[in-house]
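**Q**
2 protein chains.
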Amino acid sequence: MARRRKKQTSGRAASPKPNGRGAEAVDYGPLADWVGFNLRMAQAAAFQAFSRLAQEVGTRPGRFATLMLIGRNPGISQTALSRANGRDKSSLTPVLNDLARRGLIRRTRTRADQRAYRLSLTAAGKSLLAQLVRCARAHERNLDRIIGARDQKGFVRILKRIIAQAG
Amino acid sequence: MARRRKKQTSGRAASPKPNGRGAEAVDYGPLADWVGFNLRMAQAAAFQAFSRLAQEVGTRPGRFATLMLIGRNPGISQTALSRANGRDKSSLTPVLNDLARRGLIRRTRTRADQRAYRLSLTAAGKSLLAQLVRCARAHERNLDRIIGARDQKGFVRILKRIIAQAG
DNA sequence: AGAAAACAGTTGGATACAAAACTAATCCGC
DNA sequence: GCGGATTAGTTTTGTATCCAACTGTTTTCT
């Protein structure tokens, strides 16, 4: 591995060696230390890691927060849920359709307000959520190990500040 | 604001007050302190904030890292770029088509390897990148202010650890 | 040299998401 | 009470992204 080109069949070694390709070092420039870029990459990495764990239970990470929030807030409306979840309410429609179709959540109409649904978990939903929580705890242990127990608390505190103030 | 419902036109105040709706407090349960969830929310918030800044320059955040990486690594291949950027190579195809169509990048075929492109910025691309860098610096100053100068260095270091180890 | 494996880039299919337009129900001010 | 503004949820449209399959090129193995 990491053999670099030597052959160059028809000559032309004249170029200023501009990082022709490869797993070799890439210059990230100022990106390397910018918070935004590293935040995106870290989130992607953590997401992927959790994806692997979650798919053993047969669900995807996006569904997890949704189930948890419904579980903790029975009767919540879709709009409130979407706000809490940080996604647009329109994104939720297909997700909830799917969760309802799979018998994990209930959508109850209220007499008081005929527009809104009241969401709650079914028994199956609660059971799946419990499994996912076990998964997530394993994932969190992993992240905590990477972050280091010493810094974990402060790290989350900073994330919360960004959530509150950068929006 | 934050007036809570009292009226309830046709009665029915009998329900066990299960958080009917609203901007009122939502119970996040264990989510509240999990790294994964906060990471996702923080990334979304920072992304949105940068989106607003970047659209004044007429480009989207996704393009920014791409332009920067090409600018710092002229001659880089699409595959290497996609790795550096943390996205699948197939995602890059339409992005690069668009950037090329708008005259911001050049795609050169090499005689040495007829498969690969060598990517580089045009003058227009460099100029746009410079504008974006100014934008990004403003964004970063904002984030640094939120994080606090004292913690900024350590915060990024933790993000880098997650990137390296959680993948 | 010739076949097999690896690789660069593209295409097609699927999912996730946001923004805007839309429908139906409810609230507010008078 | 009545009409306009607000609200809950859905639909539609457009973008970003991944994955798997594919084409053409290069390298590797024997």
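Protein chains in written order, with our numbering: chain A, 92 to 258; chain B, 92 to 258.
Quick reminder that beta carbons are idealized off the backbone N, C-alpha and C, glycines included.
Does the stretch 203 to 213 of chain B touch the stretch 162 to 173 of chain B, meaning 3 or more C-beta pairs lie closer than 8 Å?
**A** Yes, the stretch 162 to 173 of chain B touches the stretch 203 to 213 of chain B.
**Q** Between B:V148 and the rest of its own chain, which residues show a CB-CB distance below 8 Å, the 5 nearest in sequence each way excluded?
**A** Only L219, Q222, L223 and C226 meet the Cβ criterion.
**Q** Is A:G120 close to chain B, meaning its C-beta is less than 9 Å from at least one C-beta of that chain?
**A** Yes, because at least one Cβ of chain B sits closer than 9 Å to the Cβ of A:G120.
**Q** Taking just the CA atoms, how far does A:S182 sit from B:S142?
**A** Computed Cα separation, rounded: 19 Å.
**Q** How is the alpha helix (DSSP H) around A:R131 delimited, first residue to last?
**A** It spans V126 to V148 - the alpha helix (DSSP H) in which A:R131 sits, taken as one unbroken run.
**Q** Which residue or residues does DSSP assign as beta-bridge partners of A:L212?
**A** DSSP, once it has assigned bridges, lists A:I196 as partnering A:L212.
**Q** Could you check the C-alpha separation between B:G245 and B:A214 for me, to the nearest Å?
**A** Cα to Cα, the separation comes out at about 37 Å.
**Q** Compute the beta-carbon to beta-carbon distance between B:R163 and A:Y119, rounded to the nearest angstrom, for a pair I have assumed lies under 8 Å.
**A** Contact flag correct, Cβ pair sits at about 7 Å.
**Q** Give me, in chain order, the residues of the same chain whose beta-carbon lies closer than 7 Å to that of A:K180; leave out the 5 immediate sequence neighbours on both sides.
**A** Once the five neighbours on either side are set aside, the close Cβ partners of A:K180 are Q169, T170 and S173.
**Q** Between B:L130 and A:Q139, how many whole angstroms is the CB-CB distance? I'm expecting something under 8 Å.
**A** Actually they do not touch by this definition, with Cβ atoms about 12 Å apart.
**Q** Suppose contacts are defined by Cβ-Cβ distances below 9 Å. Is B:R197 in contact with B:S211 by that definition?
**A** Against a cut-off of 9 Å, the Cβ pair of B:S211 and B:R197 comes out as a contact.
**Q** Please compile the residues from chain B whose C-beta is within a distance smaller than 8 Å of the C-beta of A:L183.
**A** In chain order: nothing, as chain B lies at least about 14 Å away.
**Q** Name the chain B residues whose beta carbon is nearer than 8 Å to that of A:E231?
**A** Under the 8 Å cutoff, chain B gives W125, V126 and G127.
**Q** May I ask you to list the residues that DSSP assigns as paired with B:I167?
**A** In the DSSP output, where bridge partners are listed per residue, B:I167 has B:L210.
**Q** Have a look at B:D124 and B:R193 and give me their C-alpha separation to the nearest angstrom.
**A** Whole-angstrom Cα-Cα distance: 44 Å.
**Q** Let me know if B:P121 comes out buried or exposed under the rule of 16 or more other beta-carbons within 10 Å of its beta-carbon.
**A** It counts as exposed.
**Q** Looking at chain B, is there any beta carbon in it that lies within less than 9 Å of the beta carbon of A:R192?
**A** Not an interface residue.
**Q** Using the rule of at least 16 other Cβ atoms within 10 Å of the residue's Cβ for burial, across every protein chain shown, is B:R154 buried or exposed?
**A** That one is buried.
**Q** Kindly indicate the opening and closing residues of the alpha helix (DSSP H) around A:Q243.
**A** From DSSP, the alpha helix (DSSP H) with A:Q243 extends over A240 to A257.
**Q** Where B:L195 and B:G177 are concerned, what is the direct C-alpha to C-alpha distance, given to the nearest angstrom?
**A** Approximately 21 Å, taken between the alpha carbons.
**Q** Should A:R95 go down as buried or exposed, given a rule of 16 or more other Cβ atoms within 10 Å for buried?
**A** Bear in mind that the predicted position of A:R95 carries a pLDDT of just 35, short of 50, making it unreliable; the figure below should be weighed with that in mind. Exposed: under 16 other Cβ atoms inside 10 Å.
**Q** With a threshold of 7 Å on Cβ separation, who are the neighbours of A:Q243 within its own chain once the five nearest residues in sequence on each side are excluded?
**A** Hits under 7 Å: D235.
**Q** In angstroms with no decimal places, state the Cα-to-Cα distance between B:A240 and A:R252.
**A** Each residue's alpha carbon lies about 14 Å from the other.
**Q** Rounded to a whole number of angstroms, what is the C-alpha to C-alpha distance between A:A156 and A:N233?
**A** Spanning the two alpha carbons is a distance of roughly 18 Å.
**Q** Given a limit of 9 Å on CB to CB distance, which residues of the stretch 197 to 217 of chain A reach chain B?
**A** Hits within the stretch, in order: T201, R202, A203, D204, A207, R209 and S211.
**Q** Rounded to whole angstroms, what's the CA-CA distance from A:V186 to A:L158? Just pull it up for me.
**A** Distance between the alpha carbons of A:V186 and A:L158 is about 10 Å.
**Q** With 16 other CB atoms within 10 Å as the buried threshold, where does A:E115 fall?
**A** Per the 10 Å Cβ criterion, exposed.
**Q** Closer than 7 Å by beta-carbon distance: list the chain B residues that pair up with A:S240, in chain order.
**A** One detail in the question is off: residue 240 of chain A reads as Ala in this sequence, not Ser. Here the premise fails: no neighbours, minimum Cβ distance about 12 Å.
**Q** Measure the alpha-carbon distance for A:K98 versus A:M132 and round it to whole angstroms.
**A** Reliability of the predicted coordinates at A:K98 is poor, the pLDDT of 33 falling under 50, and the value obtained from them is presented with this limitation in mind. Approximately 35 Å between the Cα atoms of the pair.
**Q** Under 9 Å, Cβ to Cβ, is there at least one residue of chain A near B:A171?
**A** So, interface residue.
**Q** I want to verify the contact list: residues of chain B whose CB lies under 7 Å from the CB of A:I237, in sequence order.
**A** Within 7 Å Cβ-Cβ: R252, I253, Q256 and A257.
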